[in-house]
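Q: Structure below; questions to follow.
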Amino acid sequence: MYNEVQALAILKHNNIVQYYNSWLEAGSIFMQLEFCLGGSLFHYLHPGRPLDTCHSLQKTVDRPNGNADASVVSDSMELVGRRLPLAALTMLLAHISSALSYLHSTWSMVHGDVKPSNILIQLKQAENHPAYTKDEMVHEAKSLCYSILESTDPSGVDFKLADFGRASKAGEDRDGDNLGDGRYLPRLDDPGSPECAAIGRDIYALGVTMYHAAGGPMNSSVWEHLRAVGSVPDLSVVPSSLRPIVKNMLKPLSQDRPTAAEVINWPSLRPFLSASSNGTPAGLQGMEIDQ
């Protein structure tokens, strides 16, 4: 909890949940954070499921022969649910890559646990909605968020990155020890520098999140295939306008993945960046995108 307070207290970005205050009471730390009326992306994708099942990655997740430790592999994500429409899926990539670019470039910080349950949905100008003063309006506000996401113009809501309990300085994120949800992490035997590998894990996790939000199945066989060296999954569920950049985000080695700053330069994302990114994205810096 101390770690999350320290991280959120310095972060100011439209696509990061806003921190207001924290205090110690009866031996426990309490935080006052922005209340996001749309709930989490996970609950949008799987409305019939009350909780996500988090698999924190342990040091033994990769055996010497390259197979995943069965103790952290689960079929629990193979659920019937919704998928994000194209416009909302594109906006998701724009908003969260913008947040990650801010973390990585401005603060040399990694999130460490990017996944649908740590991405929240918020109405623009949410403070003006009656749900902020009347509890009985919360369900209506969530329904409104969902309706906007499913429209041809989802710009009335924002995606916000939340849960910074595993955030750390890039390269100092306890590699192999108590990392984030194993379903959204690449292999850990990355030959890149600790900083490059840590930043690359955030990019990879967002790539898997995009695959999940586009309707890709998330069961143990897919999970293992995603993490296999030299393997990129069947991305036919990802719209063609996003498929090349998502494919690159899922490359096995961190050095071959785009940075968050390069992701937000993908042409399809630009309409969703004017109100969410801090400044104009830099150029592609020569990043080669596989088509």
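Counting in the UniProt record's numbering, the sequence shown runs from 1 upward without gaps.
Note that beta-carbon positions come from the ideal geometry of N, C-alpha and C, so glycine has one too.
1) Should G38 and I121 be called a contact, given that it needs their Cβ atoms to be closer than 8 angstroms?
2) Is H212 buried or exposed, if buried means 16 or more other CB atoms sit within 10 Å of its CB?
3) If I measure Cβ to Cβ from A68 and keep anything under 6 angstroms in the same chain, skipping five residues before and after, which residues do I get?
4) Measure the alpha-carbon distance for T152 versus A87 and round it to whole angstroms.
5) For P191, would you say it is in contact with chain B, using Cβ-to-Cβ distances shorter than 8 angstroms as the test?
6) For N65, I'd like the list of residues in its chain whose CB is within less than 7 angstroms of its CB, leaving aside the five on either flank, ordered along the chain.
7) For E262, count neighbouring C-beta atoms within 10 Å of its own C-beta (all shown protein chains included) and say buried if the count is 16 or more, exposed if not.
8) Tell me, please, whether the segment 41-49 touches the segment 188-204 by the rule of three or more beta-carbon pairs shorter than 8 angstroms.
9) How big is the Cα-Cα spacing for V138 and A228?
10) Taking the beta carbon of N248 as the centre, do at least 16 other beta carbons fall within 10 Å, making it buried, or is it exposed?
11) Just to confirm, is the Cβ distance from A186 to P252 under 8 angstroms?
12) Roughly how many angstroms separate the alpha carbons of L250 and P116, rounded to a whole number?
13) Please check the pair A198 and G171, which I expect to be a contact at CB under 8 angstroms, by giving their CB distance rounded to whole angstroms.
14) Would you call the segment 80-100 and the segment 18-29 touching, i.e. three or more CB-CB distances under 8 angstroms?
15) So is N265 buried or exposed if we call it buried at 16+ other beta carbons inside 10 Å?
16) Taking its Cβ as the centre, do 16 or more other Cβ atoms sit within 10 Å of D158, making it buried, or is it exposed?
17) Hey, how far is the Cα of E127 from the Cα of E136?
A: Based on what the coordinates show:
1) Within the sequence shown, residue 38 is the residue found at index 38, counting from 1. Within the sequence shown, residue 121 is the residue found at index 121, counting from 1. Yes, they are a contact pair.
2) Start at 1 with the first residue of the sequence shown, and residue 212 comes out as number 212. Label assigned to H212: buried.
3) What you label residue 68 is simply residue 68 of the sequence shown in a count that begins at 1. The predicted position of A68 is uncertain, since its pLDDT is 40 and thus under 50; a value taken from the coordinates is nonetheless stated next. E224.
4) Taking the sequence shown and counting its residues from 1, one reaches residue 152 at position 152. Taking the sequence shown and counting its residues from 1, one reaches residue 87 at position 87. Going by the C-alpha atoms only, they are around 6 angstroms apart.
5) Annotation note: the requested chain B is absent from the structure, which comprises a single protein chain.
6) Position 65 of the sequence shown, counting from 1, holds the residue named residue 65. The predicted model places N65 with a pLDDT of 41, which falls under 50 and marks its position as unreliable; any figure quoted below should be read in that light. Taken in chain order, the list of residues that qualify is empty.
7) Mapped onto the sequence shown, residue 262 falls at position 262. Buried.
8) no
9) Position 138 of the sequence shown holds residue 138. Position 228 of the sequence shown holds residue 228. Going by the C-alpha atoms only, they are around 42 angstroms apart.
10) Translated into the one-based positions of the sequence shown, residue 248 becomes position 248. Result: buried.
11) Reading the sequence shown from its first residue, position 186 is the one you call residue 186. Reading the sequence shown from its first residue, position 252 is the one you call residue 252. The amino acid at residue 186 is misidentified as Ala; the sequence shows Pro. Contact: yes.
12) Taking the first residue of the sequence shown as 1, we reach residue 250 at position 250. Taking the first residue of the sequence shown as 1, we reach residue 116 at position 116. The alpha-carbon atoms of L250 and P116 are separated by roughly 16 angstroms.
13) Locating residue 198 in the sequence shown gives position 198, where the first residue counts as 1. Locating residue 171 in the sequence shown gives position 171, where the first residue counts as 1. Indeed they touch by this definition, with Cβ atoms about 5 angstroms apart.
14) no
15) Here residue 265 refers to the residue found at position 265 of the sequence shown. So N265 counts as buried.
16) Sequence index remark: in the sequence shown, residue 158 carries index 158 (1-based). With 16 or more other Cβ atoms within 10 Å, it is buried.
17) Taking the sequence shown and counting its residues from 1, the one referred to as residue 127 is at position 127. Taking the sequence shown and counting its residues from 1, the one referred to as residue 136 is at position 136. Answer to the nearest angstrom: the Cα atoms are 15 angstroms apart.
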